[in-house]
DNA sequence: GAATATACGTCAGTGTTGTTGACATTCCAA
DNA sequence: TTGGAATGTCAACAACACTGACGTATATTC
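Residue numbers (the numbering used here), protein chains in the order written: chain A, 24 to 192; chain B, 24 to 192.
Next up, the structure:
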């Protein structure tokens with residue numbers, strides 16, 4: 024609330040000025056800092072980093088996913104992901120099961136401990152997101168999502184959409 | 024367009040469900056990848072990284088800013104910023120002038136070459152932002168900004184607002 | 001004027017995370 | 001069955017963030 028001043032200046036035809044665009048760029052930068060701040064704090068205590076968070080998040084989202092699948096979602100090299108995955112497996116947060124039909128594949132699951140960490144992290148992140156959503160209101164949230172989705176690379180957009188195929192939005 | 028299906032499901036009271044929040048989190052993650060992809064490509068060619076981009080961006084935004092000021096905006100350590108600044112000064116993209124009233128301070132400016140790089144980078148980033156804005160429409164952009172602003176840490180929000188104090192939105 | 005604080009720069013050490021290269025295993029198709 | 005492609009692992013290296021300690025110049029305070 025108190026948000027009576029429209030952040031776009033209220034002009035419907037001037038919303039593509041360079042200054043508007045620059046402001047949007049800066050908003051992304053500062054907001055992303057806030058977006059990662061809370062999980063980062065928790066992760067640092069436990070000796071993990073953002074890469075661990077991302078892995079845990081998407082394994083939780085798609086239990087049984089393969090390493091390769093996870094790789095394409097995260098957009099990093101398999102070696103990079105592997106380092107993270109190894110520590111998570113060693114620490115008993117993730118379990119890796121050899122595929123039944125294709126024994127080359129490893130299917131990834133969160134253990135109970137892994138689920139606990141995932142919950143701790145996403146609770147923190149969701150709290151902030153919830154507060155922002157509540158402050159901005161449903162229509163702003165719809166716009167927020169629309170712009171973000173339009174900003175994605177087509178390939179990433181596909182993967183993003185695929186995540187909610189089963190789960191209804 | 025074609026965005027007739029509202030990303031919030033159209034329900035004004037369901038925009039705070041865990042699934043909605045999770046979707047927002049993932050949207051931030053994937054969108055940020057797109058957000059940085061174009062500048063990253065340009066930077067990689069020239070042997071620079073995101074840190075250089077950020078420095079150049081904010082020096083351009085506030086010419087004559089001091090090192091300390093830049094430090095607090097970027098939220099990094101001075102050692103980290105110094106490494107970046109040193110290479111930018113060596114390469115002739117940034118100039119550093121001893122302060123007149125306080126000779127301890129260094130005021131930072133972009134040289135012509137620095138301005139050229141800044142333009143190249145922000146043109147690329149703005150193009151994507153512009154496309155996303157155009158696709159989503161003015162109202163979505165307003166919501167986008169509202170949510171992002173609500174997501175910032177208060178301290179960062181202050182700095183974000185301060186950037187456009189002179190320039191009218 | 002002396003002590004203290006501030007602004008900036010630098011050196012050394014560490015950790016996370018990305019990269020490439022080499023390699024083992026498994027699957028599949030010629 | 002053999003060779004190529006796919007999957008995943010191990011090792012070494014680079015980029016870039018961080019902390020801690022220190023040096024220098026300047027400003028401020030007592």
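Each residue gets a CB set at the ideal place from its N, CA and C atoms; glycine is no exception.
Is there a Cβ from chain B that is less than 8 Å from the Cβ of residue i?
i, result
"residue 172(A)", "yes"
"residue 162(A)", "yes"
"residue 78(A)", "no"
"residue 67(A)", "no"
"residue 98(A)", "yes"
"residue 187(A)", "yes"
"residue 74(A)", "no"
"residue 64(A)", "no"
"residue 30(A)", "Residue placement at residue 30(A) is poorly supported in this model, since its pLDDT is 49, which falls under 50; the coordinates still yield a value, given next. Closer than 8 Å: yes."
Just the chain B side, please: which residues come within less than 9 Å of residue i by C-beta, in chain order?
i, result
"residue 137(A)", "Those do not exist, as residue 137(A) stays about 17 Å from chain B at its closest Cβ, beyond 9 Å."
CB-CB under 8 Å to residue i, same chain, minus the five flanking residues each way: which ones, in chain order?
i, result
"residue 143(A)", "65"
"residue 138(A)", "83"
"residue 179(A)", "98"
"residue 167(B)", "159"
"residue 89(A)", "122, 128, 129, 130 and 131"
"residue 69(B)", "140"
"residue 73(B)", "59, 62, 63 and 66"
Just the Cα atoms here: how many angstroms apart are residue i and residue j?
i, j, result
"residue 129(A)", "residue 112(A)", "12 Å"
"residue 165(B)", "residue 183(A)", "23 Å"
"residue 176(B)", "residue 56(B)", "21 Å"
"residue 120(A)", "residue 146(B)", "47 Å"
"residue 49(B)", "residue 103(B)", "29 Å"
"residue 170(A)", "residue 124(B)", "45 Å"
"residue 118(A)", "residue 157(B)", "44 Å"
"residue 85(B)", "residue 188(B)", "11 Å"
"residue 114(A)", "residue 71(B)", "36 Å"
"residue 152(B)", "residue 152(A)", "22 Å"
"residue 193(A)", "residue 135(A)", "With chain A covering 24 to 192 only, the question about residue 193(A) has no answer from this structure."
"residue 173(B)", "residue 126(A)", "47 Å"
"residue 87(B)", "residue 162(B)", "35 Å"
"residue 109(B)", "residue 39(B)", "46 Å"
"residue 186(B)", "residue 186(A)", "37 Å"
"residue 91(B)", "residue 54(B)", "30 Å"
Counting only C-beta atoms, is residue i closer than 8 Å to chain A at any point?
i, result
"residue 58(B)", "yes"
"residue 153(B)", "yes"
"residue 169(B)", "yes"
"residue 48(B)", "yes"
"residue 82(B)", "no"
"residue 38(B)", "yes"
Can you list, in chain order, the residues of its chain with a C-beta nearer than 6 Å to that of residue i? Leave out the 5 residues immediately preceding and following it.
i, result
"residue 75(B)", "107"
"residue 42(A)", "none"
Name the chain A residues that come within less than 9 Å of residue i, Cβ to Cβ?
i, result
"residue 54(B)", "51, 170, 171, 172, 173, 174, 175, 179 and 183"
Taking C-beta pairs closer than 8 Å, name the residues in chain A that residue i reaches, listed in chain order.
i, result
"residue 122(B)", "Chain A residues near residue 122(B): none, gap ~26 Å exceeds 8 Å."
"residue 71(B)", "Ordered by position in chain A, no residue passes the 8 Å Cβ test against residue 71(B), which lies about 17 Å from the chain."
"residue 140(B)", "Ordered by position in chain A, no residue passes the 8 Å Cβ test against residue 140(B), which lies about 16 Å from the chain."
Starting from residue i, find everything on chain B with Cβ-Cβ shorter than 8 Å and list it in chain order.
i, result
"residue 41(A)", "149"
"residue 44(A)", "149, 152, 153 and 156"
So residue i contacts chain B; which residues on that side make the cut at Cβ distance below 7 Å?
i, result
"residue 15(A)", "The requested residue 15(A) does not occur in the structure, where chain A is confined to residues 24 to 192."
"residue 166(A)", "159, 162, 163, 164, 165, 166 and 167"
Against residue i, what residues of chain A qualify as contacts under a CB-to-CB distance less than 7 Å, listed in chain order?
i, result
"residue 104(B)", "Within chain A, no residue comes near residue 104(B); the closest Cβ sits about 15 Å away, beyond 7 Å."
Sorted by chain position, which residues of the same chain lie with C-beta nearer than 7 Å to residue i's C-beta, five sequence neighbours on each side aside?
i, result
"residue 94(B)", "101 and 104"
"residue 140(B)", "79 and 116"
"residue 77(A)", "97"
Counting only runs that start and end within the segment 94-181 of chain B, where is the beta strand (DSSP E) found for 3 or more residues in a row? 117-121 and 129-133
Any alpha helix (DSSP H) of 4 or more consecutive residues that is wholly inside the segment 33-88 of chain B: 41-69 and 73-84
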